[in-house]
Amino acid sequence: MIRALGDSFLARNLAELSALYDQIEEETAVFCDANNVHCAFGCGTCCEHFLPDITTSEARMVAAYLLLVSKNLNLIDKVQQVGLDHCPLYDPSTPYHCQVYPARPLICRLFAQCASRAKTGEAIFHRCKFNKEGTMPKELSFPVGSGVKTMDDYGMRLRALSSGEGEETEDLNVAVSDAMGAVQMVASYTGAFASDDDDDDSTPSPKAS
Numbered sequence: 006m007i008r009a010l011g012d013s014f015l016a017r018n019l020a021e022l023s024a025l026y027d028q029i030e031e032e033t034a035v036f037c038d039a040n041n042v043h044c045a046f047g048c049g050t051c052c053e054h055f056l057p058d059i060t061t062s063e064a065r066m067v068a069a070y071l072l073l074v075s076k077n078l079n080l081i082d083k084v085q086q087v088g089l090d091h092c093p094l095y096d097p098s099t100p101y102h103c104q105v106y107p108a109r110p111l112i113c114r115l116f117a118q119c120a121s122r123a124k125t126g127e128a129i130f131h132r133c134k135f136n137k138e139g140t141m142p143k144e145l146s147f148p149v150g151s152g153v154k155t156m157d158d159y160g161m162r163l164r165a166l167s168s169g170e171g172e173e174t175e176d177l178n179v180a181v182s183d184a185m186g187a188v189q190m191v192a193s194y195t196g197a198f199a200s201d202d203d204d205d206d207s208t209p210s211p212k213a214s
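Numbering (my numbering), first residue to last: 6 to 214.
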């Protein structure tokens, strides 16, 4: 998908974001395995009534996936609806509960998989309130200097990406709608819409499927 966008700024921005996502996936997997943090099988409750706010880079990744990989016109229309109070990408009937799982935003990768930073500096992990099955610890605390990454740490790394406009956040449907035009323009110029290069459409195993 990214290669189909040629040597454009958009392709470089998405490649940078993809590399960050890969690194975060590795780090959160280590954290979860080391601390026995696992979502219950089949759970997607956290997505049901939640509309994430995402950055420009994240929105471009989702828009590129929708336009170049998924190509689901009904879903594209649904994402661009106004006044939503829930994520339009959530679908309980799909194996991953997310129709753009490989391109999902940062908060969707971190929720219930990562610690938060306390005011005193410690990294604190709290069990997801929807985890009635108890498949993760109720609370964990890591002292300052432990090296445990938090949501704040990852958020700062996300906002440091060179998108060019800064990394302000908007509701997913608004941000993705705004990003569609930029992706369409670059894709038209590079011939991406005619490309069969869908190598990036590999779906990783989810933490909660």
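From the three backbone atoms N, C-alpha and C, an ideal C-beta is built for every residue, glycine too.
Since the model is a prediction, treat every value here as computed from it, not as a measurement.
Given 8 Å as the limit, is there contact between the stretch 67-86 and the stretch 43-51, that is, 3 or more CB pairs closer than that? No, they do not touch.
Option nearest Val87 by Cα separation, candidates Val179, Ala184, Tyr194 and Gly186: The count along the sequence shown starts at 1 and reaches residue 87 at position 82. Taking each of Val179, Ala184, Tyr194 and Gly186 in turn and checking the Cα distance to Val87, the smallest one comes out for Val179.
What residues in its chain sit with their C-beta under 7 Å from that of Phe135, if we drop five residues either side in the sequence? Counting from one through the sequence shown, the residue named residue 135 turns up at place 130. The answer, listed in chain order, is Cys48, Thr50 and Cys51.
In terms of residue numbering, what span does the beta strand (DSSP E) encompassing Leu145 cover? On the sequence shown, position 140 is the one that residue 145 refers to. Where Leu145 is concerned, the enclosing beta strand (DSSP E) starts and stops at Glu144 to Phe147.
Three-state secondary structure (DSSP) at Ser210? For this step, residue 210 is matched to residue 205 along the sequence shown. The pLDDT assigned to Ser210 is 36, lower than 50, so where the model puts this residue is not dependable, and the model offers no usable value.
In angstroms, rounded to a whole number, what distance separates the CA positions of Leu78 and Asp96? Start at 1 with the first residue of the sequence shown, and residue 78 comes out as number 73. Start at 1 with the first residue of the sequence shown, and residue 96 comes out as number 91. Going by the C-alpha atoms only, they are around 16 Å apart.
Alpha carbon to alpha carbon, what distance is there between Asp176 and His91? Position 86 of the sequence shown, counted from the first residue, corresponds to residue 91. Position 171 of the sequence shown, counted from the first residue, corresponds to residue 176. Taking C-alpha positions only, His91 is separated from Asp176 by approximately 10 Å.
What is the rounded straight-line gap between the Cα of Asp206 and the Cα of Arg132? Counting from one through the sequence shown, the residue named residue 206 turns up at place 201. Counting from one through the sequence shown, the residue named residue 132 turns up at place 127. In this predicted model, Asp206 has a pLDDT of only 45, less than 50, meaning its place in the structure is not dependable enough to derive any value.
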